[in-house]
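Residue numbers (this note's numbering): 6 to 185.
Everything on this sheet refers to the single structure shown next.
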């Protein structure tokens with residue numbers, strides 16, 4: 006039988022890549038946690054959305070976030086072992102923002118999240134991505150961010166989540182696609 010606990014974190018410390026252990030309140034661990042929460046929230050949103058293109062888009066983003074977590078947790082950069090996100094990933098997000106933005110009416114007023122389950126789930130993911138972005142800024146300000154792409158990526162990702170939230174609100178699933 007597999008053992009799913011180690012008790013190594015009982016004293017408030019956790020392992021990171023390499024042999025170092027850090028306090029669970031360390032900004033590096035907080036940032037990795039926020040990125041993990043963002044990925045989980047996007048996964049929840051993906052489970053609510055029936056559009057295959059959006060599902061694949063979110064899966065790809067989740068993989069990018071896992072790569073980012075591996076980069077952020079490093080005490081020293083090892084770009085051979087874990088390469089940075091390619092700068093083209095930011096341009097890719099911008100293309101997706103432009104695409105879904107062209108299919109969406111601009112809001113005239115402040116939007117209230119939760120028009121339907123998919124838009125509410127994406128709205129929740131958006132707020133978590135923004136928190137991860139703030140944590141990443143703190144990490145960068147402390148001189149502990151070794152990615153040249155991560156900040157721009159998360160900034161665009163929060164914009165994409167906003168556009169997808171609008172898109173899902175304006176294109177609700179039919180009752181047969183997503184019964185509630």
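For glycine and all other residues, C-beta sits at the position ideal for the given N, C-alpha and C.
Where residue i and residue j are concerned, what is the direct C-alpha to C-alpha distance, given to the nearest angstrom?
i, j, result
"residue 112", "residue 175", "10 Å"
"residue 56", "residue 62", "10 Å"
"residue 40", "residue 6", "30 Å"
"residue 184", "residue 123", "With a pLDDT of 47 at residue 184, under the threshold of 50, the modelled position of that residue is not reliable, and no figure is offered here."
"residue 98", "residue 8", "39 Å"
"residue 140", "residue 165", "19 Å"
"residue 177", "residue 85", "44 Å"
"residue 37", "residue 10", "19 Å"
"residue 182", "residue 96", "Confidence at residue 182 is low in this model, with a pLDDT of 48, below 50, so the placement of that residue is unreliable and no value is reported for it."
"residue 80", "residue 114", "44 Å"
"residue 159", "residue 77", "13 Å"
"residue 15", "residue 106", "46 Å"
"residue 83", "residue 21", "14 Å"
What are the boundary residues of the alpha helix (DSSP H) that residue i is part of?
i, result
"residue 169", "155-175"
"residue 69", "57-77"
"residue 36", "32-53"
Excluding the 5 residues flanking residue i on each side, which residues of the same chain have their C-beta closer than 7 Å to its C-beta?
i, result
"residue 109", "168, 171, 172, 175"
"residue 143", "32"
"residue 17", "28, 29"
"residue 125", "118, 119"
"residue 67", "44, 47, 48"
"residue 147", "32"
First and last residue of the beta strand (DSSP E) that includes residue i?
i, result
"residue 18", "18-20"
"residue 27", "26-28"
Starting from the C-beta of residue i, find all residues in its chain whose C-beta is less than 8 Å away, skip the five residues before and the five after it, and write them out in chain order.
i, result
"residue 180", "Reliability fails at residue 180, whose pLDDT of 48 lies under 50, so the model's placement of it is uncertain and no value is given."
"residue 163", "131, 134, 135, 138"
"residue 90", "69, 72, 73, 76, 152, 154, 155, 158"
At 4 residues or longer, what runs of the alpha helix (DSSP H) sit wholly inside the region 81-130? 93-107
Using 8 Å as the Cβ pair cut-off and three pairs as the minimum, do the region 146-159 and the region 66-74 touch? yes
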